[in-house]
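A.B. asks: Before I ask anything, here is the structure I am working with.
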Amino acid sequence: MSRSVRIRAFAKINLNLKVLGPRPDGYHELRTVYQTITLADRLEVRLAPGSTAVQVECDNPQIPSGPDNLVYRAAIAWRRARRDRSAIQIRLAKRIPAGAGLGGGSSDAAVTLLALERLTGDRLDLKARLEIAAGLGSDVPLFLLGGRVLGCGRGEEVYPLLDLPSRFCLVAFPGFSVNTREAFRQFSSGLTPLKSGSRIGKFGARPLFPMMEWEPAENDFEPIVFAKWPELASLKRRFIQAGAETALLTGSGSALYAVFDSAEQLLRARQHIPPGWKVFRARTLSRAGYWRQLFES
Ligand code: C5P
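Structure below.
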């Protein structure tokens, strides 16, 4: 008899993103506010006793199913941490575009850990869970909190923030991906490296961006990405003209999102998205909503 659970992997947007400088470890020190949204992938995770394999099956043939898939790596990392050799089968239904800055692969990996805990009853404490997540990628830990989250360090050091009232969220994906590593590299060519061991004041005393309400936000990647793809810059302008409270590139792109007060405004703004782009309608998702909707019954 094999047991399985079904779980949603929600996407994130970045409400603000500041890159402070390159670090001695090759990463970049950043400050960001993440926000989870209702756009989601779906996973079915199954424990199949009797064999020792990890298998990932995805409905999108362009997504790798072996060690290049973060879901696969999450399952292996979990088995290693728990000294468990159960066979794990994961079916992944992708809806969040890859290479878009929406954290799809990272979210898939984070919820794989949660699903394995649920299946085995072997619950990790939050610290251990966050450590495994951070080892998988900078954007994975935020999905162990959900809602509005402050990201420090390379983005993996996460702090829950108070949720803001829910908003309508429009996401436009132009169909091409941005390589995050390359975007950071380009960005940092104009920055002074941070000295080894230097500690930047965390947050609170001198906030780097507004954190208390929906406000126009900034993303340091916009100038680089917009210079290469001006169609993203012009869509941002149109979203703002259509009444968006905030319109911004998410992560290092390539998706652009806009946040609206009303569904009517969202529908009007949607008409400005060029033909051929993928469009997603979503809501921002509070921490309570995130946990309520995570597991499918
Ligand atoms: O952590 P993750 O594997 O998702 O990062 C992908 C790449 O993005 C890293 O290899 C690094 O080149 C770059 N990166 C960075 N600084 C960060 C996060 C990511 O330079 N804070």
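The numbers in our numbering rise by one with no breaks, and the one at position 248 of the sequence shown is 747. Beta carbons: idealized from backbone N, C-alpha and C, even for Gly.
(1) Can you give me the Cβ contacts of N616 inside the same chain, cut-off strictly under 7 Å, excluding the 5 residues immediately before and after it?
(2) Starting from the N-terminal end, write out each residue whose C-beta falls within a distance shorter than 6 Å of any non-hydrogen atom of the ligand C5P.
(3) Measuring alpha carbon to alpha carbon, tell me which residue in D662, A726, S687 is nearest L784.
(4) Under 8 Å, with one C-beta from each stretch per pair, do the segment 625-632 and the segment 516-528 reach the 3-pair mark?
(5) The alpha helix (DSSP H) that contains E630, what's its start and end?
(6) Less than 8 Å between the CB atoms is what I'm expecting for I506 and L613, so what's the real figure, rounded?
(7) Would you kindly check if the distance between the Cβ of L731 and the Cβ of F738 is under 8 Å?
(8) Mind the definition here: the segment 548-558 touches the segment 669-676 only if three or more C-beta pairs lie below 8 Å; say whether that holds.
(9) If you reduce the DSSP assignment to three classes, tell me which class E656 lands in.
(10) Using a Cβ-Cβ distance under 8 Å, would R684 count as near chain D?
(11) In this structure, how does DSSP classify P640 when only helix, strand and coil are distinguished?
(12) Using beta-carbon positions only, say whether G636 and L748 come within less than 8 Å of one another.
(13) Could you tell me the alpha carbon to alpha carbon distance between I699 and G646, rounded to whole angstroms?
(14) Specify the secondary structure class of S733 as computed by DSSP and reduced to three states.
(15) What's the gap between the Cα of T745 and the Cα of A716?
(16) Does the segment 530-543 touch the segment 648-658, meaning 3 or more C-beta pairs lie closer than 8 Å?
C.D. replies: In short, the structure shows the following:
(1) Residue numbering aside, residue 616 sits at position 117 when the sequence shown is read from its first letter. Note that residue 616 is Glu in the sequence shown here, rather than Asn. When the five nearest sequence neighbours on each side are left out, the beta carbons in the same chain lying within less than 7 Å of the beta carbon of E616 are those of R622, L623, in order along the chain.
(2) Counting only residues whose CB is nearer than 6 Å to a non-hydrogen atom of the ligand C5P, the list in chain order is Y526, H527, L529, G636, S637, D638, R653, G654, T679, R680, F683.
(3) Within the sequence shown, the letter at position 285 stands for residue 784. Checked all of D662, A726, S687; the closest Cα to L784 is D662.
(4) Contact between the segment 625-632 and the segment 516-528 is absent: fewer than 3 CB-CB pairs across the two stretches fall below 8 Å.
(5) Position 131 of the sequence shown, counted from the start, is the residue given in the question as residue 630. Per DSSP, the unbroken alpha helix (DSSP H) holding E630 starts and ends at 625-635.
(6) Looking up residue 506 in the sequence shown gives position 7. Looking up residue 613 in the sequence shown gives position 114. With 8 Å as the limit, I506 and L613 qualify as a contact, their Cβ atoms being about 7 Å apart.
(7) Here residue 738 refers to the residue found at position 239 when the sequence shown is read from its first residue. Here residue 731 refers to the residue found at position 232 when the sequence shown is read from its first residue. 8 Å or more divides the Cβ of F738 from the Cβ of L731.
(8) Here the segment 548-558 makes no contact with the segment 669-676; the two share fewer than three CB pairs at distances below 8 Å.
(9) Sequence index remark: in the sequence shown, residue 656 carries index 157 (1-based). E656 falls in the strand class under three-state DSSP.
(10) No chain D is part of this structure, which consists of one protein chain only.
(11) To locate residue 640, count along the sequence shown from 1; it is residue 141. It is helical.
(12) Along the sequence shown, one-based indexing puts residue 636 at 137. Along the sequence shown, one-based indexing puts residue 748 at 249. No, the Cβ-Cβ distance between G636 and L748 is not below 8 Å.
(13) Within the sequence shown, the letter at position 200 stands for residue 699. Within the sequence shown, the letter at position 147 stands for residue 646. Note that I699 scores 48 on pLDDT, short of 50, meaning its location in the model is unreliable; the coordinates nonetheless yield the value given after this. If I take the Cα positions, the gap works out to 25 Å.
(14) By one-based count along the sequence shown, residue 733 stands at place 234. It is helical.
(15) Taking the sequence shown and counting its residues from 1, the one referred to as residue 745 is at position 246. Taking the sequence shown and counting its residues from 1, the one referred to as residue 716 is at position 217. Rounded to whole angstroms, T745 and A716 show a C-alpha spacing of 6 Å.
(16) They touch, by the three-pair rule.
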